[in-house]
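In our numbering, the protein residues as written are 1 to 295.
Glycine included, every Cβ here is placed at the ideal spot set by N, Cα and C.
Small disclaimer: the values here were computed from a predicted structure and weren't measured.
So the structure is just underneath, and the comments pick up after that.
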């Protein structure tokens, strides 16, 4: 896969060169005459602050409280609302299209349920809420939640953390050593070839988002066994076994489960994502990665 430069960082108009523009820019060649200290100074002149040699109090607050606890509250609240919320009735003129859009085709119960997420308003006779069996499977919901939430959180932190770094609102991490493992260096956007496409083009954006999507899916796979397994265990304790599966009422077990799962996943997964971008920025500044920050 070609290198994906961050299209959110634009080249400066007062420079004749067109360096790669982002947190993931390829390392500068060893022949560069700019020293690491001068590269850090040049970048910090344009908003980025000097990388830290240890965790600062504000970095810890930013990582674990502002982002970690904040993600826990927001993610838990959204998941609770999805499990409990009831959509407004459709306008009379759109009723026919509403029926077509919300109809559940045979074998698609899980998808329809995840789209509406209304456990509190389910018909338990036709669509019982169960742990594993369709159409309303809480175990399936738990698995999809891990994937979707990690992908969304990754892209949110990509934007927010890099914005804060660029504006100097938080300092990069400069004391974590660069990995030597080839796979880890690939994951951290290191040792990548330059792009063969025009900056800002469709391919530029396409490969950029593909590179982010791949890494967010990897993150979700890492957290999956730690979140999905305990979630299923929690549900078996609070469900009622009826011969073929665990059954659940409309309230309040599904809602509390979604609240806890979304909140805990946000609390655990968000800080590593923040540290990822803070560390990647610190390496870029120290290595003078095409004068990172002058975009």
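Among 147, 134, 141, nearest to residue 215 - alpha-carbon criterion: The residue with the shortest Cα to Cα distance from residue 215 is 147.
Quick one, are the C-beta atoms of residue 131 and residue 246 less than 8 Å apart? The criterion of a C-beta distance shorter than 8 Å is satisfied by residue 131 and residue 246.
Coil, strand or helix - residue 197 by DSSP: coil
Looking at the unbroken beta strand (DSSP E) that takes in residue 163, where does it start and where does it end? Residue 163 -> not in any beta strand (DSSP E); alpha helix (DSSP H) instead, spanning 138-167.
From 287, 52, 285, 63, residue whose alpha carbon lies closest to that of residue 161: Nearest C-alpha to residue 161: 63.
Pick out whichever of 262, 176, 242 has its Cα sitting closest to the Cα of residue 220. 262
Apart from the five residues on each side of it in sequence, which residues of its chain come closer than 7 Å, Cβ to Cβ, to residue 188? Hits under 7 Å: 179, 280.
Buried or exposed (CB count within 10 angstroms, at least 16 for buried), residue 273: buried
Counting along the chain, where does the beta strand (DSSP E) carrying residue 248 start and finish? 246-248
If you follow the alpha helix (DSSP H) that residue 120 is part of, which residue opens it and which one closes it? That residue, residue 120, is in no alpha helix (DSSP H); it is neither H nor E in DSSP.
7 Å Cβ shell around residue 234 - same chain, five flanking residues per side excluded: Excluding positions up to five away in sequence, the list reads 257.
Per DSSP, residue 52 forms a beta bridge with which residues? 173
Would you list the one or two residues that DSSP bridges to residue 129? 136, 248
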